[in-house]
Amino acid sequence: MEFLSETIGKRVHDPYVEESRCIMIPGPIIVGSGPSGLATAACLKSRDIPSLILERSNCIASLWQLKTYDRLRLHLPKHFCELPLMPFPSSYPTYPTKQQFVQYLESYAEHFGLKPVFNQTVEDAKFDRRCGLWRVRTVGGKKEETTEYISRWLVVATGENAEEVMPDIDGLADFGGPILHTSSYKSGEMFKEKKVLVVGCGNSGMEVSLDLCNFNAHPSLVVRDSVHVLPQEMLGMSTFGISTSLLKWFPVQVVDRFLLRMSRLVLGDTDRLGLVRPKLGPLERKIKCGKTPVLDVGTLAKIRSGHIKVCPELKRVMQHSAEFIDGRVDNFDAIILATGYKSNVPMWLKGMNMFCEKDGFPRKPFPNGWKGESGLYAVGFTKLGLLGASIDAKKIAEDIELQRSLLPQMARSQHC
Ligand SMILES: Cc1cc2nc3c(=O)[nH]c(=O)nc-3n(C[C@H](O)[C@H](O)[C@H](O)COP(=O)(O)OP(=O)(O)OC[C@H]3O[C@@H](n4cnc5c(N)ncnc54)[C@H](O)[C@@H]3O)c2cc1C
Ligand SMILES: NC(=O)C1=CN([C@@H]2O[C@H](COP(=O)(O)OP(=O)(O)OC[C@H]3O[C@@H](n4cnc5c(N)ncnc54)[C@H](OP(=O)(O)O)[C@@H]3O)[C@@H](O)[C@H]2O)C=CC1
Ligand SMILES: O=C(O)C(=O)Cc1c[nH]c2ccccc12
Numbered sequence: 001m002e003f004l005s006e007t008i009g010k011r012v013h014d015p016y017v018e019e020s021r022c023i024m025i026p027g028p029i030i031v032g033s034g035p036s037g038l039a040t041a042a043c044l045k046s047r048d049i050p051s052l053i054l055e056r057s058n059c060i061a062s063l064w065q066l067k068t069y070d071r072l073r074l075h076l077p078k079h080f081c082e083l084p085l086m087p088f089p090s091s092y093p094t095y096p097t098k099q100q101f102v103q104y105l106e107s108y109a110e111h112f113g114l115k116p117v118f119n120q121t122v123e124d125a126k127f128d129r130r131c132g133l134w135r136v137r138t139v140g141g142k143k144e145e146t147t148e149y150i151s152r153w154l155v156v157a158t159g160e161n162a163e164e165v166m167p168d169i170d171g172l173a174d175f176g177g178p179i180l181h182t183s184s185y186k187s188g189e190m191f192k193e194k195k196v197l198v199v200g201c202g203n204s205g206m207e208v209s210l211d212l213c214n215f216n217a218h219p220s221l222v223v224r225d226s227v228h229v230l231p232q233e234m235l236g237m238s239t240f241g242i243s244t245s246l247l248k249w250f251p252v253q254v255v256d257r258f259l260l261r262m263s264r265l266v267l268g269d270t271d272r273l274g275l276v277r278p279k280l281g282p283l284e285r286k287i288k289c290g291k292t293p294v295l296d297v298g299t300l301a302k303i304r305s306g307h308i309k310v311c312p313e314l315k316r317v318m319q320h321s322a323e324f325i326d327g328r329v330d331n332f333d334a335i336i337l338a339t340g341y342k343s344n345v346p347m348w349l350k351g352m353n354m355f356c357e358k359d360g361f362p363r364k365p366f367p368n369g370w371k372g373e374s375g376l377y378a379v380g381f382t383k384l385g386l387l388g389a390s391i392d393a394k395k396i397a398e399d400i401e402l403q404r405s406l407l408p409q410m411a412r413s414q415h416c
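With the UniProt record's numbering applied, the sequence shown covers 1 to 416.
See the structure below:
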């Protein structure tokens, strides 16, 4: 098996070998080498099942390595974020830094011998009913060539954050200063003393605003609607940990009432700061609408002290300023779009009912979204972060092992 995957690896990387155009894969094809893809490949490997990971970028965990800011830390305690079969080093702090998390993922890939094929963007994946196989077409490599990979199983691990959401704001194209999405923001270094408009108040908008303050920039945060802000910890424990424990015993509405009462005690009345709370509670809203509550890591204090201004919805943007729906106009030097991300599955996975065309998520909600038909799987679309990805990965590996054991011996040894 090892030998075969190596041969395949060579063929894939060798642009002069004729067969590299169409490659039969002995195990599942996994699209995406983020935490979800790596976790699935590791769980498969632990069951002696080889897999091939296709990754559009040139490294593992590209979201974490290329699209996040320097000061990012995990905002859930580390034991909720570790991948299956390998814990975080005990020397890591409760909330590891981005660099530590990436180092952990690098060690994880090395430990399980995972070698994704980089620079391979999956542009099309179809199930060929005539032969019962998946045909996955990629573009990439030095010569931007097309390759077709063929397998019995396809694991979608492209993530909930595959593409940036770019908002349609009147006049944005006329703005004279820099406009960047949070996925390109590294630090506030280049914004010292500048007035920066941050559009969007999810965790990214909140944390980027705080980072800007720490670099002596002057951020204004657009809160167009409502938002739940919770303390990262309460009663000396993580809010996320308390929530998951309580959810085992109480209905979500009861847990939400408790969280809101505690938040009020720890953070005070956030409505007074312009951060109006939604009608649905924080966990119920996360489950029903996929909106992650903000875990406060210091932004509220900066709003309270006036270092971060809160603004209502934007009406329009002009060359050096912005107008808000309350009629207020203010000057800005730069705009940061903290407007979130979306799935890209509908762009490349064709003809399968498992994913919703509109939002690119599995139609069945957690815990049932991981398995589709014809050997199709989804990992990391649970809206439960890394914890959800680990749960999916384990189930997928177990299921593929079962499916494989049902194949006739001949087909198994021929890997198709
Ligand atoms: C700033 C930020 C902080 C976060 N912090 C936390 C946290 O503390 N805890 C937590 O649990 N979750 C957190 N999350 C949620 C995040 O979704 C997970 O941490 C995790 O990255 C999900 O892993 P994934 O593998 O599913 O997706 P990703 O990490 O997005 O990996 C998907 C991979 O698929 C590749 N890909 C996409 N499309 C294609 C294609 N067509 N062809 C080939 N490859 C493709 C991408 O390049 C990428 O490498 C955070 C998210 C962000 C944006
Ligand atoms: N430390 C950590 O662990 C961090 C984790 N994350 C995670 O990464 C994921 C992505 O987070 P994030 O990037 O914040 O994205 P989110 O989708 O969570 O938030 C996007 C925000 O942008 C707002 N928005 C969208 N369009 C507009 C518009 N036209 N005008 C004004 N506001 C707009 C949304 O408002 P509305 O709600 O009204 O649609 C929402 O508040 C989340 O799961 C988050 O938890 C992010 C940063 C740090
Ligand atoms: O950080 C994220 O994006 C996650 O999805 C994990 C997460 C952070 N805070 C939460 C609150 C409720 C459920 C999941 C999360």
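Here a beta-carbon is modelled for each residue, glycine too, at the ideal position from N, C-alpha and C.
Apart from the five residues just before and just after Q253, which ones in its own chain have a Cβ nearer than 7 Å to its Cβ? Here residue 253 corresponds to residue number 253 of the sequence shown, with the count starting at 1. The beta carbon of Q253 lies closer than 7 Å to those of G281, E284 in the same chain, with the five residues before and after it left out.
Within its chain, find whatever has a CB closer than 6 Å to the CB of F127; leave out the 5 residues flanking it on each side and keep chain order. By one-based count along the sequence shown, residue 127 stands at place 127. The residues are W134, S374.
Burial state of L406, where buried means 16 or more other Cβ atoms lie within 10 Å: Walking along the sequence shown from the start, residue 406 turns up at place 406. It is exposed - the Cβ of L406 has fewer than 16 other Cβ atoms within 10 Å.
Check whether the segment 38 to 47 and the segment 160 to 178 touch, using three or more Cβ-Cβ pairs below 8 Å as the test. Touching, no.
Candidates G141, F191, Y377: closest to P219 by CA position: In the sequence shown, residue 219 corresponds to position 219, counting from 1. Of G141, F191, Y377, the residue nearest in Cα terms is F191.
Use the C-beta contact count for N203: other C-beta atoms within 10 angstroms, 16 or more gives buried, fewer gives exposed. As a position in the sequence shown, residue 203 is number 203, starting the count at 1. By the 10 Å Cβ count, N203 comes out buried.
Residue of G274, S57, W370, G351 minimising C-alpha distance to V229: For the purposes of this step, residue 229 is taken as residue 229 along the sequence shown, with counting starting at 1. Nearest C-alpha to V229: G274.
With respect to the alpha helix (DSSP H) encompassing M206, which residues constitute its N-terminal and C-terminal limits? Working through the sequence shown from its first residue, we reach residue 206 at position 206. Start and end: 203 to 214.
Could you tell me whether any non-hydrogen atom of ligand 1 is closer than 7 Å to the CB of G306? Here residue 306 refers to the residue found at position 306 of the sequence shown. Relative to ligand 1, even the nearest heavy atom lies 7 Å or more away from the CB of G306.
Report the CB separation of I49 from G27 in whole angstroms; it is logged as a contact under 8 Å. Stepping through the sequence shown from its first residue, residue 49 is reached at position 49. Stepping through the sequence shown from its first residue, residue 27 is reached at position 27. Contact between I49 and G27 holds, with the beta-carbon distance rounding to 5 Å and staying under 8 Å.
Between the Cα of R404 and those of G32, I23, G34, S51, spot the shortest distance and give me the residue it belongs to. Here the question's residue 404 lines up with position 404 in the sequence shown. Residue S51 holds the alpha-carbon nearest to the alpha-carbon of R404 among G32, I23, G34, S51.
At which residues does the alpha helix (DSSP H) containing I303 begin and terminate? Translated into the one-based positions of the sequence shown, residue 303 becomes position 303. Start and end: 299 to 304.
For a quick check, are the C-beta atoms of V317 and G171 less than 8 Å apart? Stepping through the sequence shown from its first residue, residue 317 is reached at position 317. Stepping through the sequence shown from its first residue, residue 171 is reached at position 171. The beta carbons of V317 and G171 sit closer together than 8 Å.
Length of the line joining the Cα atoms of T7 and V156: Counting from 1 along the sequence shown, the entry for residue 7 is found at position 7. Counting from 1 along the sequence shown, the entry for residue 156 is found at position 156. Legend: pLDDT at T7 = 42, less than 50; position of this residue unreliable, no value from coordinates given.
Residues near R363 by beta carbon distance below 8 Å, same chain, minus five either side: For the purposes of this step, residue 363 is taken as residue 363 along the sequence shown, with counting starting at 1. Leaving aside the five residues that flank R363 on each side, the residues in its chain whose CB is nearer than 8 Å to its CB run, in chain order, N353, M354, F355, C356, G369.
Near F366, which residues of its chain fall below 6 Å by C-beta distance, leaving aside the five closest residues on each side in sequence? Along the sequence shown, one-based indexing puts residue 366 at 366. The residues are T382.
Residue interval of the beta strand (DSSP E) (run including R316): As a position in the sequence shown, residue 316 is number 316, starting the count at 1. Annotation: the continuous beta strand (DSSP E) that includes R316 extends over 314 to 317.
Does F366 come out as helix, strand or coil in the three-state DSSP assignment? Along the sequence shown, read from residue 1 onward, the residue named residue 366 stands at position 366. Look at F366 here: in three-state DSSP terms it is coil, with no helix or strand label.
When you measure from the CB of H75 to every non-hydrogen atom of ligand 3, does any distance come out below 7 Å? Walking along the sequence shown from the start, residue 75 turns up at place 75. Set against 7 Å, the gap from the CB of H75 to the closest heavy atom of ligand 3 is smaller.
What is the DSSP secondary structure of K395, reduced to helix, strand or coil? The residue labelled residue 395 in the question sits at position 395 within the sequence shown. Per DSSP, reduced to three states, the secondary structure at K395 is helical.
Could you tell me if I325 is buried or exposed, where buried requires 16 or more neighbouring beta carbons within 10 angstroms of its beta carbon? Sequence index remark: in the sequence shown, residue 325 carries index 325 (1-based). With fewer than 16 Cβ atoms within 10 Å of its Cβ, I325 is classed as exposed.
For N161, count neighbouring Cβ atoms within 10 angstroms of its own Cβ and tell me buried if that reaches 16, exposed if not. As a first step, residue 161 is located in the sequence shown; it is residue number 161 there, counting from the start. Residue environment analysis places N161 among the buried positions, since at least 16 neighbouring C-beta atoms fall within 10 angstroms of its C-beta.
Within this structure, are the beta carbons of L154 and I303 separated by less than 8 Å? By one-based count along the sequence shown, residue 154 stands at place 154. By one-based count along the sequence shown, residue 303 stands at place 303. Against a cut-off of 8 Å, the Cβ pair of I303 and L154 comes out as no contact.
Among residues of its own chain, excluding the 5 on either side of K45, which ones have a beta-carbon nearer than 6 Å to its beta-carbon? Counted from its first residue, the sequence shown places residue 45 at position 45. Result list for K45: F112, in chain order.
Of the listed residues K67, P35, V345, nearest to E123 (C-alpha basis): Your numbering for residue 123 matches position 123 in the sequence shown. The residue with the shortest Cα to Cα distance from E123 is V345.
Flag this pair as yes or no: are the beta carbons of D25 and Y108 separated by less than 8 Å? Start at 1 with the first residue of the sequence shown, and residue 25 comes out as number 25. Start at 1 with the first residue of the sequence shown, and residue 108 comes out as number 108. A small correction: the amino acid at residue 25 is Ile; Asp does not occupy that position in the sequence shown. Not a contact, by the Cβ cut-off of 8 Å.
7 Å Cβ shell around L246 - same chain, five flanking residues per side excluded: The residue given as residue 246 occupies position 246 in the sequence shown. Result list for L246: V255, F258, in chain order.
At a cut-off of 7 Å, is K364 close to ligand 3 when judged by its beta-carbon and the heavy atoms of the ligand? Walking along the sequence shown from the start, residue 364 turns up at place 364. The answer is no for K364.
So what does S156 bridge to, in DSSP terms? Along the sequence shown, one-based indexing puts residue 156 at 156. The amino acid at residue 156 is misidentified as Ser; the sequence shows Val. Per DSSP, V31, A378.
Using three-state DSSP, classify A334 as helix, strand or coil. Position 334 of the sequence shown holds residue 334. DSSP places A334 in strand when its eight states are reduced to three.
Could you give the DSSP three-state label for S5: helix, strand or coil? Within the sequence shown, the letter at position 5 stands for residue 5. A caution first: S5 carries a pLDDT of 43, below 50, which makes its placement in the model too unreliable to give a value.
Does the beta-carbon distance from T239 to L295 come in below 8 Å? Taking the sequence shown and counting its residues from 1, the one referred to as residue 239 is at position 239. Taking the sequence shown and counting its residues from 1, the one referred to as residue 295 is at position 295. Result yes, Cβ atoms of T239 and L295 sit closer than 8 Å.
If I follow the unbroken alpha helix (DSSP H) through P282, where does it start and stop? Numbered from 1 along the sequence shown, position 282 holds the residue referred to as residue 282. Note, P282: alpha helix (DSSP H), 282 to 289.
Who sits around ligand 3, taking every residue whose Cβ is closer than 5 Å to one of its heavy atoms? Result (chain order): K286, T292, G385.
Can the beta-carbon of E233 be found closer than 8 Å to that of A217? Counting from 1 along the sequence shown, the entry for residue 233 is found at position 233. Counting from 1 along the sequence shown, the entry for residue 217 is found at position 217. Contact flag unset, no.
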